[in-house]
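Be aware that the sequence shown starts at 1, since it is given in UniProt numbering, and climbs by one per residue.
Note that beta-carbon positions come from the ideal geometry of N, C-alpha and C, so glycine has one too.
In this text, all values refer to a predicted model and were calculated from it rather than measured experimentally.
The structure appears below as structure tokens.
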Amino acid sequence: MSNNIKLLREAQPEVLLDATQWEKLSGDPHTVNLNAYKSEDGTKLMGTWMCTPGKWAVNYDKWEYCDFREGYCILTPEGGEPIHLKAGDIFVIEVGFKGTWEVVETVRKYFVFA
Numbered sequence: 001m002s003n004n005i006k007l008l009r010e011a012q013p014e015v016l017l018d019a020t021q022w023e024k025l026s027g028d029p030h031t032v033n034l035n036a037y038k039s040e041d042g043t044k045l046m047g048t049w050m051c052t053p054g055k056w057a058v059n060y061d062k063w064e065y066c067d068f069r070e071g072y073c074i075l076t077p078e079g080g081e082p083i084h085l086k087a088g089d090i091f092v093i094e095v096g097f098k099g100t101w102e103v104v105e106t107v108r109k110y111f112v113f114a
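The structure is reproduced here in structure tokens:
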């Protein structure tokens, strides 16, 4: 197999509890990260993220791809209108997004940071 392809079929995810660096604004949200892949230089990360209800202040310095599998949340850009996201939604958050991330119903999503 080429060194340019990373097959993750047998991957054992790195489990991180409450590893989110964002500032909690309300509620008592708790997170579980199942990091299935991290590039050698640390700039790319993919896995599964789960979070219980609560609200965070966020400021993105990386691009993120999200595939929501469960739950409901509201992303509100600073000075903008709320964006309601639910299971089945696929979206991208661009570098520079600032605002809040509110988990209304426990969320499970697949993510890729780059």
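> Which of helix, strand or coil does DSSP assign to Ser-39?
Replying inline: Residue 39 sits at position 39 when you count from the first residue of the sequence shown. Coil.
> Just reading off the beta strand (DSSP E) that Pro-77 is part of, what are its end residues?
Replying inline: Translated into positions along the sequence shown, residue 77 becomes position 77. First-last of the beta strand (DSSP E) with Pro-77: 64 to 77.
>> For Val-107 and Ala-11, I'd like the C-alpha separation in whole angstroms.
In response: As a first step, residue 107 must be located in the sequence shown, where it is residue number 107. As a first step, residue 11 must be located in the sequence shown, where it is residue number 11. Using only the alpha carbons, I get a separation of about 22 Å.
> Does the stretch 87 to 98 touch the stretch 47 to 61, meaning 3 or more C-beta pairs lie closer than 8 Å?
Replying inline: Output reads yes: the stretch 87 to 98 touches the stretch 47 to 61.
> Counting along the chain, where does the beta strand (DSSP E) carrying Arg-108 start and finish?
Replying inline: In the sequence shown, counting from the first residue as 1, residue 108 sits at position 108. Looking at the DSSP string, the run of the beta strand (DSSP E) that includes Arg-108 is 98 to 113.
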